[in-house]
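Working notes, beginning with the structure itself.
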Ligand SMILES: Cc1ncc(COP(=O)(O)O)c(C=O)c1O
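Residue numbers (our numbering): 7 to 401.
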């Protein structure tokens with residue numbers, strides 16, 4: 007809770023639909039900023055947008071949705087997703103297991119990180135987790151050993167896809183290659199009550215066919231292994247409309263996956279998808295203040311070491327908006343700005359360009375949108391710059 011708001015401030019509105027852990031709740035960012043007198047950047051959650059994304063997936067995806075908690079583990083995000091029908095969660099660490107279990111003891115957890123410590127496996131199993139990803143024989147042995155040959159495991163063999171066209175490819179680190187996946191499936195079949203396969207096409211995947219190619223590849227491995235599967239998991243990767251990235255409608259992803267499930271003989275299995283980004287990116291913004299302007303460089307109070315990691319390290323562009331209440335009015339013409347973050351490090355730069363009114367300057371608040379996923383969750387407190395100010399805006 008922020009030091010600026012020890013209680014819900016006067017002027018804030020409450021909602022019967024979105025009572026999110028007593029976070030200060032407003033009708034607009036403007037109302038929130040009018041009440042905020044702190045020095046840090048702030049995070050805004052738009053639960054209605056998260057709710058709409060959850061409903062689209064729950065209703066449209068041809069299977070069950072596991073929310074990838076890493077994208078944004080904020081309890082208000084988890085609560086919004088749960089309220090709108092998400093009951094399963096992809097977790098990777100003890101903290102994620104404990105967080106979701108504490109909030110929702112009935113949630114079904116999937117430990118889909120292919121490399122887990124023995125302590126984590128032991129803890130997760132004791133907490134009721136039965137779904138584990140494996141991508142090599144050593145990890146399989148570890149799970150069997152730690153769970154003492156448990157008879158109720160649902161193991162998901164993670165295969166590596168031969169290529170990724172995603173904007174953030176997840177290649178080279180996890181996933182069994184073709185031959186290894188065949189061997190691993192056969193071995194996993196001997197020790198699991200339920201057997202699945204899973205893959206990840208890479209994050210922010212703009213190409214719907216990546217999913218059908220993944221399913222075709224999985225079918226080849228399954229057929230050569232000669233095992234019967236209980237589940238197939240197509241992973242995450244569903245995209246968000248960042249600037250200069252054209253994304254196909256989500257319905258195209260769902261129909262492509264449905265057709266491929268039928269074509270490749272997966273239609274009678276349990277089907278899972280693990281969206282992170284697509285469920286919560288548009289549901290969150292960072293609002294950062296301009297501390298100084300030098301030419302077309304704006305020095306902000308958040309940056310690459312904060313919630314703008316993807317804007318800095320990956321040079322992604324994000325939609326931006328100026329929030330200014332005082333005169334002079336924002337100019338009608340815009341300029342492409344570069345952003346610098348607050349730390350001493352010179353890699354703390356976000357090249358953009360980010361187009362804002364030409365007279366943007368010190369004291370202005372800039373809303374950087376689509377940071378509900380992999381924004382706040384990546385932020386560090388390097389150099390003492392961080393923020394725990396989270397406001398809800400019901401737009
Ligand atoms: C195992 C796993 N599942 C799901 C996701 C979520 O991916 P996305 O946010 O692209 O949907 C990730 C992201 O890294 C992942 O590693």
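Just so it is clear, CB atoms sit at the ideal spot from N, CA and C, and this is done for glycine as well. Computed from a predicted structure; not experimentally measured.
_Selection from 327, 379, 272 and 29 that minimises the alpha carbon distance to residue 69_ = If we check each option's Cα against that of residue 69, 272 comes out closest.
Check: For residue 41, which three-state DSSP category applies?
Finding: DSSP places residue 41 in helix when its eight states are reduced to three.
* Beta bridge counterpart(s) of residue 238 as assigned by DSSP -> Answer is 203 and 277, bridged to residue 238.
* For residue 244, verify whether its CB is less than 8 Å away from any heavy atom of ligand 1. => Distances from the CB of residue 244 to the heavy atoms of ligand 1 include at least one below 8 Å.
Cut-off 6 Å between Cβ atoms - residues of its own chain near residue 287, not counting five sequence neighbours on either side: Excluding residues within five positions, the ones whose Cβ falls inside 6 Å are 246, 376, 378 and 379.
Item to check | Span separating the alpha-carbon of residue 401 from that of residue 130 | outcome: Spanning the two alpha carbons is a distance of roughly 38 Å.
Whole angstroms is fine: what's the gap from residue 177's alpha carbon to residue 43's?
If you draw a straight line from the Cα of residue 177 to the Cα of residue 43, it comes to about 44 Å.
- Item | Contacting residues, own chain, Cβ-Cβ under 6 Å from residue 191 (five flanking each side not counted) | Excluding sequence neighbours, residue 191 sits near 163, 231 and 233.
ask   = CB of residue 303 to nearest heavy atom of ligand 1: below 8 Å?
value = Flag unset: Cβ of residue 303 not near ligand 1.
Is residue 244 near residue 211, with beta carbons less than 9 Å apart? In this structure, residue 211 lies closer than 9 Å to residue 244 by Cβ.
Would you say residue 83 and residue 95 are within 9 Å of each other, going by their C-beta atoms? Result no, Cβ atoms of residue 83 and residue 95 do not sit closer than 9 Å.
If I measure Cβ to Cβ from residue 278 and keep anything under 6 Å in the same chain, skipping five residues before and after, which residues do I get? Taken in chain order, the residues that qualify are 69, 70, 72 and 239.
Among 117, 86 and 87, the one whose alpha carbon lies nearest that of residue 100:
Of the candidates 117, 86 and 87, the one whose C-alpha sits nearest the C-alpha of residue 100 is 117.
Return the CA-CA distance between residue 374 and residue 214, expressed in angstroms with no decimal places.
Distance between residue 374 and residue 214, taken at the CA atoms: about 27 Å.
Check each candidate in 292, 297 and 324 and name the one with the smallest Cα separation from residue 248. Closest in C-alpha terms to residue 248, from the list 292, 297 and 324, comes 324.
Review point. What residues in its chain sit with their C-beta under 7 Å from that of residue 207, if we drop five residues either side in the sequence?
Key: Taken in chain order, the residues that qualify are 167, 170, 172, 216, 217, 220, 241 and 243.
query: Around the C-beta of residue 86, are 16 or more other C-beta atoms found within 10 angstroms, so that it is buried, or is it exposed?
result: With 16 or more other Cβ atoms inside 10 Å of its own Cβ, residue 86 counts as buried.
Length of the line joining the Cα atoms of residue 369 and residue 296:
A direct Cα-Cα distance of roughly 5 Å separates residue 369 from residue 296.
### Message
Looking at ligand 1, does it come within less than 8 Å of residue 383, judged from the CB to the closest heavy atom?
### Response
Because no heavy atom of ligand 1 lies under 8 Å away, the Cβ of residue 383 does not count as near it: no.
Member of 35, 79 and 38 whose CA lies at the smallest distance from the CA of residue 282
Among 35, 79 and 38, the Cα nearest to that of residue 282 belongs to 79.
> Can you list the alpha helix (DSSP H) stretches of 4 or more residues lying completely in the region 64-148, in chain order?
Replying inline: Taken in chain order, the unbroken stretches of alpha helix (DSSP H) that lie wholly in the region 64-148 and span 4 residues or more are 81-89, 100-109 and 124-132.
* To do: Keeping to the same chain, check which residues put their C-beta closer than 7 Å to that of residue 358; ignore five residues upstream and five downstream.
  => So the qualifying residues of the chain are 323, 342, 343, 344 and 345.
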